[in-house]
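All remarks here apply to the structure that follows.
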Amino acid sequence: MIPDQPIAQAVALILAQAVVLLCVSPAIVGLINKVKARLQCRRGAGILQPYADLQKLFRKQPVLSTTTTWIFTATPYIVFASTVTAGLLIPVFASQMPLNFAGNIIAFVYLLALGRFFLILAGLDSGSSFGGMGSSREAIVASLTEPAMIMAIFAIALTAGSTNLSTIVHRTALLEGIATDPSPHLMALAAVFIVALAETGRVPVDNPATHLELTMIHEAMVLEYSGRYLGLLEWASAIKLLVFLTLIANVFAPWGIATSFTPIALSIGLAVYLIKVAGLALLIGTIECMFAKLRLFRVTDLLGVAFILALLGLLFFYMLRG
Amino acid sequence: MSWLTPHIATQIVDFGSAMLLVTCFAIVAQRRLSACVDLFALQSLFLAMTAALVAFFTDTPHIYIAAALTVVVKVVVIPRVLKSVIERLNVTRELVMNVNVPASLLICGALVMIAFFITEPIIPFGHLLTRDSLAIALAIVLIGFFTMISRQKAVTQLIAFLMMENGLFLGATAATYGMPLIVELGVFFDVLVAALIAGIYTNRLQDAFDSVDTTRLNELKA
Amino acid sequence: MTGHTIVLAVSLLLLAPLVAGCVSLVVSGSRWLHVTNLISIGALVGAEMVIARAVFAQGSVTAFGDIVYIDALSSIILLIIGTVGLACSLYIRTYMDEQVARGVIAPKRLNLFFFLFHMFLLAMVLATVANSLGVQWVAIEATTLATTFLIAFWRRRESLEAGWKYLILCSVGLSLALFGVVLMYYSSLRVLGDVSAALNITQLQQVAAQLDPHIVKLAFIFVFVGYGTKVGLVPMHSWLPDAYTEAPAPVAAMLAGVLETVAVYAILRCRGIADQAVSPEFTGGLLALFGLISFALAAFFILVQHNYKRLFAYSSIEHMGLAMVGFGVGGAIGNFGGFFHLVNHAFAKSLAFFAAGNIHRRFKTVEIDQVRGLTTVLPWTAVALLISGLALAALPPFALFTSELQIVTALSSSGLPREWTQPGSRFPVVLLLLCGVVAFAGLLYRITGMVWGSAPKDIVHGEHWSVGHIPIVLLGTMLVGFGLALPDFMRQLFEAASALMTSR
Amino acid sequence: MAILFFLMVASYAAGLLLPLCCPAKPKIQNLVAHGSAAFGSLGGIGLGIVGLLGPEPLTMSVPSALPLLTFAVRLDALSSFFLLTISLIGFAASIYAVGYVTAWYGHISIGLLGSLYNGFLLTMTLVTLADDGFFFLIAWELMSLVSYFLVVTEHEKADVRYAGLFYLIMTHVGTAFIILTFLLLFEGSGSFSFDAFRHPEQPLPDGIRTTVFLLALVGFGTKAGVVPLHVWLPYAHPAAPSHISALMSGVMIKTAIYALLRVYFDFFGGQFPWWWGFVVLVVGAVSALLGVMYALMEHDLKSLLAYHSVENIGIILLGIGAGMIFHSYGLDELAVLGVIAGLYHTINHAVFKALLFFGAGSLLYATHTRNMEEYGGLLRRMPWTGACFLIGAVSIAALPPTNGFVSEWLVFQSLFMSYQIPSLLMKLMLPIAAAMLALTGVLAMTCFAKAFGISFLALPRTSHAKHAEEVPWTMRIAMGVLSAVCLALGLAPMLAVPIIDHVAASMIGSSIADKMLALDRWALAPVNVEFSSLSTPALGLVLAATAALALGLVACCGGTSSRRYSKTWACGLNLTSRMEYSAAGFVQPIKRVFSSIYQPTVKLETEFLEESRYFAKRRRFEFHIAPVFQTYFYDPIIAFMSGLADRMRIVQGGSLHLYLAYMFVTLVMLLLAAL
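Chains as they are written, first to last, in my numbering: chain A, 10 to 331; chain B, 8 to 229; chain C, 35 to 538; chain D, -6 to 668.
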């Protein structure tokens, strides 16, 4: 955090970052879909299609199930809020985020867990067996991702001597980044990437495009949603995806991020940032075309690998540092 | 009585106690109940004689009383009671034993040795009282105890018990000028009552269990 | 306090049961029997109070020349005899009358019962106050003779068997004890030639240091095994469970509460003398070792009992063993704990047997698994059973917890006497605690099984107040009270007694 | 202080006696008992505050007539903290009980129940205050005994009796270990007073100290319910009336934590090798993970909560263990951090566990069943209970911005601080513990998503649930108070941390309050603010702001149209509660993934229609998870003991000759030995 930062500037930065997250996230989803379409030799929808979808959903009249309670209607807002708040804890284009003091990686993970908790409740609230199925699967996937996540980030935090994301990014940016100690970083990177796929419900863990009862996880939970509630949830999941991409991009390759608050630096930072996440989006799109979705009970193996990678990263760190 | 040196007196007393021991072995070897009772009476007689001798040599008159009581209680009364019990229950002989006669005899021999062995370190004192009689008394007590274990009939157990009492009494008189009179009397009273009660019990048991075979008394367990 | 009052008190102490016994042979009608009984026991308690105060004043009391000798040790025992005796007499009032009413026994036999009961009391008092080891022995043997018929009082096959075993085992044991007394006498003769005083406890205590150690050692072994039989120390305990199971409840209470205590008293007396001749390590070790064995074995028997009277019988073996450990380890704490434990156990165990008596009268069975839901059937008895059970399991606030913890502390801080274990071995403490847990589990498994649950349908529900409940309430309150606040005079009594034990 | 103390004791004593004396009107007894209990706990709260603010400990002592025993009381920071916790929960429970026990009017004696309840509170209080080993043991055993009687309140049920007995015996086993602990400490000091334990005349040799450490861990661990000594807990806690369960699960097991801290940090003055801390850490991690895993498989709501007590005790021990490790390496500030984390989680767990047990009690009160599969849709019937339960669930799932999150965050930080430890093993072990904690956290989240979702959401599964009524206002107030405390402790940790720091500092000696409160008390930091920081108020604000933002966005994007209601789509059928996901179904994937731990046995019976085997008339599915610890740890011991006892029976064979032989042999042996 920056002790002598004028409050106005801080608020401005926070708002700016929020705006970036909100605005860029649908585009990323659109980009991924576009890439997939291309690789599948389709023209596919335009990159801006998700904005139109959100607009349409917000306009539509929502239909609520008679079995549901206030939990069901409150959930979209809570999920949205928790995701955006988590997003505000990591630096996007400027490495010194004013909200840095509000929480570290643990807070980040648990904020996402908050959203997940209510999403699971909402899935159960609808009363249909699809909702329950989605909730229970979401639970198992989550329970396997979080330990790996925390171990991986801790391995990196050790290099930076901090678990506050913004401090990590800032310091790694000032240092030569991933080149400081390559091996632990690479292992941690692999782990976090797998975790990110799982957390954001992408192939090979989950398929956002499917509505096939037997395979869907996230989609099953939100099956009963419609109208603005569905819109909020879709948007929130898009933001979540972007947040994870940001995490990977800035923690492992913080080059170009604005380490000061000069307009130039900020604009460069923003540009670099957009390029980085776009690149990652391309990568994800490709992966989604190359791999098939795993069976639910194969996912455990994948995430186990992620955990072991993270652990090895930690071990290597201590080994190399002696 | 110039011929009566302490040495001779000691010899006589030892002889008396030795006879008690011998009768013990006789009882251990004897299967017929009535014979056991007779032997017990005989033993008690020896006991009385020994007591009287001690009283005579050490002129402690109250032992005469004890001797007399012995004659009355153990030579006359208790054997009578036992005889009557035996007749009433018409059990003549002990067929089954927990330990057969030869083994019992050997064990009793061992017990006598143990008794002497244990009392060996005791320093004797006085001109008459010898540790031999104490050892014998201990031996008789142990033998009586062992006989209670080896025999099964209530009556024989009773006799064995009284044998122990005799051993005690021998110890009390021959080894130690006899206990204070009040104690002697108390002991006698107790022995008498105990014997009588046991007699009553044997009757009751006969009624309840149709036998005085104490091995049948094993309904209360654990 | 003048000599006359003491003489009066002592003679009252001895005469009250004697007279009452004779009277109860002649009078007819249960009411008068009970009246005589209560009067005599009342006189007994009163006399004890007087004597106890005298003992406070002058440390020890002798009367009738030196035939009677009472010090702190004996007055503790007297206290127990009085309290438990009184409690039993009150309980008998209800218990026996119901037995007569139900025609279990002919009214005539009540006379016999009370005669034996008083003889029993007399013998115990005599054993406690007598100054001569010989007389003490005679008295204790007399208790055997008096109680054997009380045990076999119902005249069932089992009770006869129990009575016979009791008679034989205890008589044999006691004749061993007598041999021990003879040896003691033999050794004392050579020191003080005078024949008549050679068995006097006071005399022996003075000259004890000069006695021939070897003889005294033998003597103590005989006395220990002999009276140990009466205490019910493993492996001389075998008569005890049978006798307690078959005896009428009040008699069982007397046996467990008082008779054992008197036997312990006899052993302690002899120990007081023996300790000066032979090393206290030896005698103490003997006590502690057999105490431990008794505690351990009894604990496991408690675990598998399905008969509640036997359960209590084994628990008294256990607790006597514990008290023995206390005395054996010795020291201020050990002895204090030992005496305290004797008193507490006497109260708790008689309470337990009263409860058992009530249960048996209602359920007509001694099988634990046929007794259920006492809280609804016999609320008062249920409380009594819970109190006694928890107390016997040594849970606070009941006094047995305190005494047990004192004994365990003494054991752990000074260990078993060196002659018997290698120095600093903690095995005894661990064993004690382990078996304590085993006994706890067994006891509470059975007792809670009886107390809780819903009762069988065919059992009459409800319990109305009777004289027999007074002692239950009294004992219960005392058990709770002593655990937290011991009356001062009792504390002084215990301290004086343990000073007697440790002085040499 | 004395006044407060006597006021507290007096009102508890009044509550102990009056209900038994006063007329058998259950209503009056109820009010008297729980009223005086509430007064007493208020006194306790006051006393705790005084003790926490007071610079040096306050002591009182009454000598007793019994050797070794003195009724000594000492109120230092540590005792005050636990006293405060106990009294706080006690107060809430007393209010709750007023409404809760009305269900038993006419069935059981309210007077007895209330009196025992007061006794329970009193003994717990005395345990934390006792300053003498003997007195402590008395209070400790009384606490167990009274709680036993409360557990068997409904003793007509066989399983309740079993639970009670199991509890009583297990806790006595623990007490045996504690007695041994104190005896060993006694050897050094020759007295049972805690002062003597602190400053023994001759210091104990290392062997003894290690033994004491292990004995204490086992002895108190039995009460705390650490794996594998936890088996009694899921039976006993649910069996008791719910307000009692709340006290047992919320605070009684904490007295064990208190005692452990007392022994390790106070008596031993923190002088111990690193592996002590490591053992505690491992015990904590294992308890936390296994506790939550078994909780997941429970569908009896109260048993589920009981298992979560095992989990949370584990989390507390993680903090304390980390603290011990740091302390043994001389990193005192971090040691304080670890202990603070443990203590903070102690009070937090007390609050939300009590809240959840109150909620469970309300469900039991309303539906007369503890089985989650028979609930459903209760949020509509019981909105207040539902809301409070939700807050409790969020707290125990350690989700921001509640109190559970703060303390768990602190535990995480103290585990992460391991990089400052010189030893590589610890460097690696503590992060692994952190990973286990993370897994625990997620599973807890899952478990309470299940608990709340299945119980309160969707359609009612039985007529019980369909016709449930909201509970009386006293119960609701109690739950509301605790919910408020949950949020307060979550959003304002900067108020609680200095106090807890004072407690921890009093044990370890260095205070870190100023280092923990960064950015003029807005943020919380583990000693160095660079490493990490947390500001729940800020997070709360941002959450609220973003939620508002969402509302705004929806509004400005035209999302104002009214909602339409229709049935949930159930593949064209009418949705019935039988189609809903059951609790068992919800955890099925987890059961499958961790089957190596659960070793489940699944039974599936299908009854087909006569016409064709393609249509099932009815299906019956049941699964049990292997009671590993009973099978491999407890049953063998019990079997061995009873087998031994059975073999001993032959000693008492019934033959007179045998008995005589015993005596004879004994005599001869002794005679020969005497030579």
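The beta carbon of each residue, even a glycine, is placed where N, CA and C say it ideally should be.
Could you tell me which uninterrupted alpha helix (DSSP H) segments, each at least 4 residues in length, are contained entirely in the region 73 to 124 of chain B, listed from first to last along the chain?
85 to 96
Could you pull out every residue in the same chain whose Cβ sits closer than 8 Å to the Cβ of Thr236(C), ignoring the five residues on either side in sequence? Thr96, Asp100, Tyr103 and Asn165
Using 7 Å as the cut-off, classify the Cβ of Ala427(C) as near or not near the heavy atoms of the ligand GTP, replying yes or no.
The ligand content of the structure shown is nil, which means the ligand GTP is not present either.
Distance CB(Val206(C))-CB(Leu653(D)) smaller than 8 Å:
yes
* Along chain B, in chain order, which residues have C-beta atoms closer than 8 Å to that of Leu664(D)? -> Ile121 and Ile125
Give a yes or no on whether the minimum CB-CB distance between Tyr278(C) and chain B is below 8 Å.
-> no
Inset, instruction - With 9 Å as the C-beta to C-beta threshold (strictly closer), list the residues of the region 100 to 134 of chain D near chain C in chain order. - result: Phe127, Leu130, Ile131, Ala132, Trp133 and Glu134
Delimiting residues of the beta strand (DSSP E) encompassing Glu598(D): Pro593 to Phe601
Count the other C-beta atoms from every protein chain shown that fall within 10 angstroms of the C-beta of Asp246(C), then say buried if there are 16 or more, exposed otherwise. buried
Do Trp486(C) and Thr409(C) have their C-beta atoms closer together than 8 Å? yes
Helix or strand or just coil, what does DSSP make of Leu324(A)? helix
Q) Going by beta carbon distance, what residues of the same chain come within less than 8 Å of Gly168(C), once the five residues before and after it are set aside? A) Val215, Tyr219 and Leu233
Open item on the list: For a cutoff of 8 Å on Cβ pairs, would you count Thr174(D) as touching chain C?
Closed with: no
In chain order, each alpha helix (DSSP H) run of at least 4 residues that lies wholly inside the region 84 to 164 of chain A: 114 to 134
Report yes or no: do the region 126 to 134 of chain D and the region 11 to 22 of chain D share at least 3 C-beta pairs separated by less than 8 Å? no
Between which two residues does the alpha helix (DSSP H) carrying Ala669(D) extend?
What the structure shows of chain D is the stretch from -6 to 668, and residue 669(D) is not part of that stretch, so it cannot be assessed.
query: Taking 8 Å as the CB-CB cut-off, is Leu637(D) touching chain B?
result: no
Q: To the nearest angstrom, report how far apart Ala386(C) and Leu419(C) are at their CA atoms.
A: 6 Å
* Asked: So the beta strand (DSSP E) Glu615(D) belongs to, where does it begin and stop?
  -> Ala609 to Ile618
Considering only residues of the same chain and omitting the five flanking positions on each side of Pro530(D), which have a CB-CB separation below 6 Å? Leu484
Q.
So, with DSSP's three-state summary, where would you put Thr63(D)?
A. strand
Nearest-angstrom Cα distance between Thr177(C) and Ala157(C)?
6 Å
Could you tell me whether the region 339 to 346 of chain C touches the region 512 to 519 of chain C, where touching means 3 or more Cβ pairs closer than 8 Å? no
- request: For Arg642(D), return the contacting residues in chain E, with the cut-off set at a CB-CB distance below 8 Å.
  value: No chain E is part of this structure, whose protein chains are labelled A, B, C and D.
**Message:** Taking a contact to mean a Cβ-Cβ separation below 8 Å, would you say Glu673(D) touches His457(D) in this structure?
**Reply:** There is simply no residue 673(D) to check, as chain D begins at -6 and stops at 668 in what is shown.
In chain order, what residues of the region 401 to 423 of chain C put their CB closer than 7 Å to some CB of chain B?
none
- [ ] Can you check the region 135 to 189 of chain D for any alpha helix (DSSP H) of at least 4 residues that lies completely inside it and give the ranges in chain order?
- [x] 151 to 182
Exposed or buried, which one is Phe351(D) when buried takes at least 16 other CB atoms within 10 Å? buried
Pick helix, strand or coil for Thr96(C), following the three-state DSSP scheme. strand
Under DSSP, the alpha helix (DSSP H) around Leu259(C) begins and ends at which residues? A quick correction: the sequence has Val, not Leu, at residue 259(C). Looking at the DSSP string, the run of the alpha helix (DSSP H) that includes Val259(C) is Pro247 to Val265.
TODO: With a 10 Å radius around its C-beta and 16 neighbouring C-beta atoms as the bar for buried, classify Gln170(C) as buried or exposed.
DONE: buried
What are the boundary residues of the beta strand (DSSP E) that includes Tyr558(D)? Arg557 to Ser559
Buried versus exposed call for Met170(B) [16 or more other C-beta atoms within 10 Å across all chains shown]: buried
Q: Go through its chain and collect everything with a Cβ distance to Met10(A)'s Cβ below 6 Å, but skip five positions before and after it.
A: Low confidence applies to Met10(A): its pLDDT is 44, below 50, so where it sits in the model is not reliable, and the reading given next is rough at best. Correct list, in chain order: Asn109 and Phe110.
Exercise. Say whether the region 201 to 220 of chain A touches the region 150 to 166 of chain A, bearing in mind that this needs 3 or more beta-carbon pairs closer than 8 Å, one atom from each stretch.
Key: yes
| said: Less than 8 Å between the C-beta atoms of Phe113(D) and Leu282(D), yes or no? | reply: no
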